[in-house]
Structures are given as C-alpha cells and as structure tokens.
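Protein chains in written order, with the working numbering: chain A, 1 to 255; chain B, 1 to 255; chain C, 1 to 255; chain D, 1 to 255.
Glycine is no exception: its CB is placed at the ideal position from the N, C-alpha and C atoms.
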C-alpha cells in the first residue's frame, strides 16, 4: 500500500521545516572531563520538504532518535542528521536538543560545594555543510551601577540570566561557555552559600557594578578573544528587584 | 436518543470533581471605585458526580459561562454556580477564575503613575452553603536582614511575590488585598521608577529589612486585624538574587 | 548629577537591542467592528544602542507606555516608537505586544455562541522606515489522512495550533487573520459544542483530512491570494493524540 | 556573631512551611530492575517554624541536599529529612522531588522500541511519623464514547494525562504506577509508532471508548485492588481535540 505522505503535491510550495517538537528524549553527553552524563532533553527535529512531496514520515525522526546511542558530540550529531536526511530523502535536516546541565560550584568563602543547573542547547544543521551551535543560559548576579553612585544607599542587586549561543568550527564545551559567561557579570550565583559566602559574593558585586549592557559587552570581548568562533548571539536579562519585569540587552555577530 | 453520559454506572464510585479546565473566557469585574473592567480569565469549572452517573455533560459548563453577563461578584458567582449545579443535577459545584488585574501606582519620589499587574483569582464553591475565596499574588521587594548587619556591605535586595487567599463572609476587594499585601514587605515594586524613585524605594527597603518569614507574619497580623475573615492562606516567595532558586514561607489559618 | 548611563563607552561595541521585557501592561485595541476592547498585554520594548553610549534609560520605556492612551493601531504604534526613539536618542526602536483576543464563534449545528480565545501579537519596528507585523495563533482541529485510508478505523483527530505572522503595507485585522487560518484546517474548534455540534464538526473534519504540511500550504495559498502582503511566516503544530509530542510544519516567504 | 535568624520572635505566630523551592538538583533513582538512573529534579524542601523563632537557615537545605548521595529511596529520603529537621531544630520537615522519568515502550504491531517520558514526583514528610507519596503523570489516549455512538462518524480521539498520587506503607515503584495507569485509558500513547502501529492503537481505542470519568473509576478500581495503599488521588485530563480547553475528573480516597 503506498503511503499517503508520498502522494504528489502540485502546488509548487516547498516547506522550510517539517518535523517533531516538544519531544522529551534521553541522551548521554560527555562533560569536559570526559565523563558520561545522562540528560533529559527536549527535542525539535526537522527536515525541509521539497515542493513535490505531500508530507514527510514523522516516525522516521523517532526511529533515528531511538536507534541513536553513545554520547552526543559533533560526530554523532552529524551522523544522526545524515540518517534523518537520507531516510527522508530531504534537502536538509536540523536538530535542537535542550537540556539542563549541572556544573559543580564552590562557595567563595567556605568553599562549600553544590551542583548548579544551567540550561544547555545544541543546535545542529545539515545541508551541503554541517553546522553546530552550542548555547547556554547561566544564572548570575548584577549590581546596578546607579544604585551605588549615591552615598548611604544599598546597592541594588538582582538575579540575571546570560544566554550565549556560539557557532564555531571546533567543538565548544558547555562548561567552558558557562565559565566564560560567569566572568562577565557582577558576581556569580551559587546554590549553597553560608552567611560569610553571601557577604563575600555581595562584596564582589559591589566592586563591579554592571548594567545588562555592560554584561553583554563583556561577553562580546570574551568571545571575540576566544578564537575560532564564526557566529554568536548574547543576551543578558535582569529580573529587576524593584520591578516586576526584566531589562535586557542583546548582540549578534557574524551572520 | 438517550445520552451516553446518563448511562447507569454501578461500581459505586462517586467522583469529587468533573469539569473543564484551562479554558480562557472573558469576564467583567468591578473595581473598588465601581468601574467595570474587562478581564481575560483562565477558568476551572466543575461539579461533583454521584456514584450512579456515568459522566457529566461538559457542554453545560460552557453554556452557563457563555450566558453569563454583567460583573462578576458574590451574587452573580452564586447564580452561575446554581445554574451549573441545577443544570447538571449535581450535589455541588465550583469555579476558579484567575485573571491579571491592574492597579494604578505612583512612584515614591516623582509621583509618576503606571499600571501594575497583579494576579487575582476568585474561587467559588456551592453545596449546602456558598463560599467565596479571593486570592491575589503581588510583586514586592524584600531586603535581606543578614545583608545589612555587616558594615560596608550593600543590602541584598530581591524581588518577591506575596500570595494571599482569603475566605470571608462579606466581599473583599482585590485592590484592598493588594494594598494590605504591599504594606507587609520591605518596599513595594513599581513599573515606572525614575532614578530618584529607585533610590527612595531602596531607602525604604533599607529601613525595613525582612525575611520571607517576617513578611508572612506581617500579613498574618494584618489579616487577623481585618475582621470578618474565616480562613486565609499566605505565602511569601523571594526570587533570591544570590541563588537561582526561591525561598518561601507559608501559613494557613482557620480551616 | 550626570547619569551613569550616559558615560562614554569606548570599546566600540554597538548593541542590537536594549530594553524591557516580560512587562504586563494594559492596552486598548479596536476590533474589526470598530469597538474598543481592553486587553492585557505582555510587552517587549527596545532600542538599539550606539557604540559610544554606556547604557540606555530603562524608565523611558515605561514613561512612554504609561503616557500612551487610545487604541493601538498603525498610527499610535508609530507615534509610540517615535517617542521612545527620540527620548532615548536611538537609531531604531521596536515593540512586541502580545495579548489574548476573543472572537465570537457559533457552533456548526445548534448555532450556540461562545467566545474563543486566540493569541495575538503586534510587532512594530522603526528605523528609517516603519514596519508592522500582525501575528495570530489559532486553535484548530486536524484529522490525519493516514487514519482514514484504512476501512474500519476511526479517523485520528487532534487539536492543533496554526500561527501566522504577516507584514503588510496596510493594516491587517486580527479577526481577518483568524478567519483565514480557520479555513486552512480540517475543522475549527469551538468552546461550546453540544453533541450534535461535535458530530457536525467531526463530519467536516472527516471530509477534509489534512497533514500539518497541508495546513501550511493551504495558508500559503490563502496569504498569497490576499494581496498587499510583504512577508509572512506560517507554522502549523499538531498536539498528536497518539503521542506525547507535537508534529509541525513551517514556511516563511518574502524576506 | 549571633545569627539574625535566631532572634526571638514574640508575635506568637508559628509558620507551616519555610524553605526553598524551584531548585534544580541532580539525584540518582533506582528503576524497577535495580539500575541506577541520573535524574534532574525540581525540589521543594521545607520545615515548620515554631512561633518563637524569627527565621530558619535556608542554607541548611542546600547543605543537606549537597551532602546526599546514593539512590533516592524510602530510607535515604527519611535520613535526608531527619538531617534537615535536626539541623534546623524543627518540629517537622518535608520534601517534594519532581523529575521526568523514562520508561521503555514497544509499539503494538511492529514492536519498535522507544523511550517515553513520564513525570514522577516523590513527596516525603517527617514529623512523629514518616510518610512517602509517589506520584506519576502519564500520557494516554482516550476515545470519546459519544463519538462512536453514531454511525458514519469517526471516533474522536484525544491525548490525555492521568495523574496518580499514592501513599502506602511499602514502597511503590514509579514504573508499576505507570503500568497501572496505562491500563486505565482507551489506549496508551507511544513516542514511536509506524503506520501499522498507529492503526493498531486506534483499533484498541475504538474497542474501548472512555470518558475521563471512566478513566478515573478504572484507576480507583485498580488502586483499591492493589493492596497496602493508605491514600490516593487520581486526576484524568483530556486535551480535547474539538476544543481549546481540557476536561477533567478527579477523586481522592483515604484521607
């Protein structure tokens, strides 16, 4: 029985993306030290659809994902996309794999250790070339420069998130990106802070008051200095302590 | 043709709630000044189901909601529940209507006005009696008491949310609850703050450093002093500036 | 006292966007019939930041929004962006205003009326020119063509969402876009359906089984035929009934 | 230096819960086969606060969680709560640990294997006794009984979620609960289904059309027959295919 998806379509309309999204799937990633880690990812997988094809075969994405084993890296992502593209006879294929990733952190004064969650995302695309983008979203602290300009007023601290997406020729580790991002803010945040740690963190922030604009420019400088990066996008967002909204700044380079 | 929902069910299992949820529906509410306001609500509506009935008629909830007009208040909510309960021949009926509600606020120094969104929710229940619970969730600022105990360290501010649910004999206005809640925190937050307003707000917060525990106890005292309240629940949550998690405190009275 | 934001910045890094986000603000919009409707919007507002400026003045966004009154339309959005851009001395400015919008719908058999929520979004941008993009996300029903190809098997229905973004020279009404989108699916969905309405809807869907790919191509044809549209993007997503994930198809034209 | 949290509080107001929430933390759980699995959990941890204490020490929760290692089970949860309660000198302590959990599933016709995500949650409470509640939320398919009662109309399928919370004397495995829940619906859902699998699933559903009310009663019977269960709560929710809202039914027993 021929598949209905394979019926001829004659309206001359090619589609950019057809595929699956909001799919949760287990993967293994390797951390910077080479250890394997199980992660729970949310996946978007798609191909482009030529004008003559009515529809794609959605089960092929699940077949390819379910067959895949071994750590997610540049090579295995490329293989996964090749399998999807060939199985579906498609001009191009893409994958977005988002997952929480823990980095071990130490408190600044007591050295107490705790695991801090960051949001990581791998975006892989295959047409005539293969491109891999690595993305992280890292919680940080910023201290408003205005607030420390007047005497007798406490600095206004807030939690922020810095998101960085990087496309490069060689692999970039999630942990390296998290480290880079943390150095761009007034101070890092930590899950476990005793009273003296919190004071040390605040003292660091007080010594380095920053606007979201400053945080983004710090990240631009850090990424421009890193070498081998083709494209990047940075966004810093502050959950304002004096407002019920966020402020943000963003910058894209290399498109 | 008899409805399948009305088939006899003989397993002897009554159900607590059957109904609709995640439904968006437009309502009109009256503010404290008596003006009508259009709000976009998310609605849960339900009845209890006796053991002998196979299922309820879900369209009856939509029929009742679609017929309803005029401002939501104690009387119209009771009528709506009576219509639902009678139409479905049910022992009891309930409604939860959640909507964003704007309160006008002025900045502490410049007096600049802006509209601040709070989350309101009305919970109405009808069995042998009618009960109405009014709930608000209000953004506030808190300043950590530990952070101001050491010299030379800025106070650590953070945005928080205080949620209060109140069941009372007479109607409680959403605006009165928001006012009450705002007075329990270190300082309020405002959408529009110029530089001098932000400094004034910080100075207020610095003069009144509070833990989430203090905020909840302030609200307990305020509600105990309000009179006519049968039951309440309070939760204060801080979006910590030095962590990527929240701290919270909660208290329920009068059950 | 000079503002710290106005300090000279000498790293030569211009920023694409600096502004506020996740801000809830009340607006008035005019529906197709000319009636005013109060909506609760979530707002992103931003300007570009030249390389020489350290930071923007975030309160200026709130000042402009708080001053704005009257219905949101092409002219008032342009004025709002002009005020923001001039107030902040910025090369460009942008606004994204998202809000739930109700359309009145009738059930196919009984004609029962109910209010159906769609998600609308206006995106306005001002640099040397002014551009307005109107976006809607509309719930629909699709019936899988594979499922009706075998005898004795029920058609597999699922809820879907079709999102359309349109940039055009003349204003496009949200309601016109919702109407256009509803005609592209197997059948519409409705808040209130009695038993006979549900059967009528299912019969319609059975007569028009569609993949997400078909839905997008239907929308491409409809938009290509509408005239005056410079750019559009379409995405159809199905909340699969047989899976806990979605399938989707998308197409962008005119960039 | 005495801690400010330990200051005497004299308003006579004890608090039900003080603690941390929205915290992401890595845990290890053991599956039914005894294998260890790394999971990413979202954690709420709290103690009750006596009237005389001003505040608790929030860092103690992080210290206890960061020290904890080894699989989460009845014994290790009790130990964790004991450590928290003793460290904070509190009358009672509680933990809620929510995480996605994958179960391996096979397609009904081709036997193709794929990993299906369910949402699991462990709720542990310690005062004079220790109580453990195990919760799962499982995606399923239901087919509306009304839709198959008329000839010539396709059955109306929809995706649903069944949530079950169980408190019992002996440990209940997450997988056993997922298995139990799947048997209560019209048919299960699967990540990977080829065309013949989808037809087989639909045929199963067509042979067992169920309302949400039926699904809950099936679960009541299954749990009543399981033995050793002290308390449970069940909710079935359908993402209606013909509406943009859900219908639901729920039942609680044993309080």
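Per DSSP, the beta-bridge partners of residue 251 of chain D are D:234. Bounds of the alpha helix (DSSP H) holding residue 219 of chain B are 212-224. DSSP places residue 79 of chain D in the helix class (H, G or I) of the three-state scheme. Counting along the chain, residue 35 of chain C sits inside no beta strand (DSSP E), nor does DSSP assign it H or E at all. DSSP places residue 74 of chain B in the helix class (H, G or I) of the three-state scheme.
Counting only the Cα atoms, residue 116 of chain A lies some 28 Å from residue 6 of chain D. Using a Cβ-Cβ distance cut-off of 8 Å, the region 234-242 of chain C and the region 154-172 of chain C are in contact, since at least three pairs of beta carbons, one from each stretch, lie closer than that value.
Residues of the same chain with a CB within less than 8 Å of the CB of residue 169 of chain B, apart from the 5 flanking positions on each side, are 228 and 230 in chain order. For residue 246 of chain D, no Cβ of chain A is located within less than 8 Å of the residue's own Cβ. Flagged as an interface residue toward chain A: residue 251 of chain C, by a C-beta distance shorter than 8 Å. Chain-ordered, the chain D residues with CB closer than 7 Å to the CB of residue 146 of chain B read 4. Neighbours of residue 103 of chain C in chain D, taken as residues whose beta carbon is under 7 Å from its own, are absent, since the nearest beta carbon is some 12 Å off. Annotated as proximal: residue 215 of chain D and residue 184 of chain D, with beta-carbon spacing under 8 Å. Between residue 11 of chain D and residue 193 of chain A, the alpha-carbon positions lie close to 29 Å from each other. The shortest C-alpha to C-alpha distance from residue 233 of chain A to any of A:225, A:217, A:253 and A:249 is the one to A:253. What residue 240 of chain C touches in chain D, judged by beta-carbon distance under 7 Å, is 159, going in chain order. Burial of residue 53 of chain A is indicated by the presence of at least 16 other C-beta atoms within 10 angstroms of its C-beta. Nearest to residue 160 of chain A by C-alpha distance, out of A:46, A:247 and A:40, is A:247.
The DSSP assignment places complete alpha helix (DSSP H) segments of no fewer than 4 residues inside the region 181-210 of chain B at 195-206, in order along the chain.
Less than 8 Å divides the Cβ of residue 187 of chain D from the Cβ of residue 141 of chain D.
With respect to the 8 Å criterion, residue 189 of chain A and residue 177 of chain A are not classified as neighbours on the basis of their beta carbons.
For residue 15 of chain B, the enclosing beta strand (DSSP E) has its first and last residue at 15-30. Close to residue 114 of chain B, with beta-carbon spacing below 7 Å, are these residues of chain C in chain order: 62 and 66.
Short of 8 Å from the beta carbon of residue 90 of chain D, and not among the five residues preceding or following it, lie these beta carbons of its own chain, in chain order: 47, 48, 49, 50, 56 and 84. In terms of CA proximity to residue 206 of chain A, A:144 leads the group A:225, A:162, A:171 and A:144.
Closest in C-alpha terms to residue 80 of chain D, from the list D:138, D:33, D:59 and D:124, comes D:124. Scanning chain A for C-beta atoms nearer than 8 Å to the C-beta of residue 141 of chain C yields nothing, as the closest lies near 18 Å away. The CB of residue 191 of chain B comes closer than 9 Å to the CB of 243, 244 and 245 in chain A, given here in chain order. By the CB criterion at 8 Å, residue 175 of chain C and residue 103 of chain C fall inside the cutoff. Residues of the region 215-235 of chain C that bring their beta carbon within less than 7 Å of a beta carbon in chain A comprise 216, 217, 220 and 221, in sequence order. The beta carbon of residue 33 of chain A sits no closer than 8 Å to any beta carbon of chain B. Per DSSP, residue 59 of chain D is one residue of the alpha helix (DSSP H) stretching across 59-67.
Residue burial annotation: residue 237 of chain D is buried, with at least 16 other C-beta atoms found within 10 angstroms of its C-beta. Counting only Cβ-Cβ distances below 7 Å, residue 55 of chain C has no contacts in chain B at all, with the closest Cβ about 12 Å away. The three-state reading of DSSP puts residue 11 of chain A in coil, since its state is none of H, G, I, E or B. Counted as a single uninterrupted DSSP element, the beta strand (DSSP E) harbouring residue 118 of chain C occupies residues 113-126.
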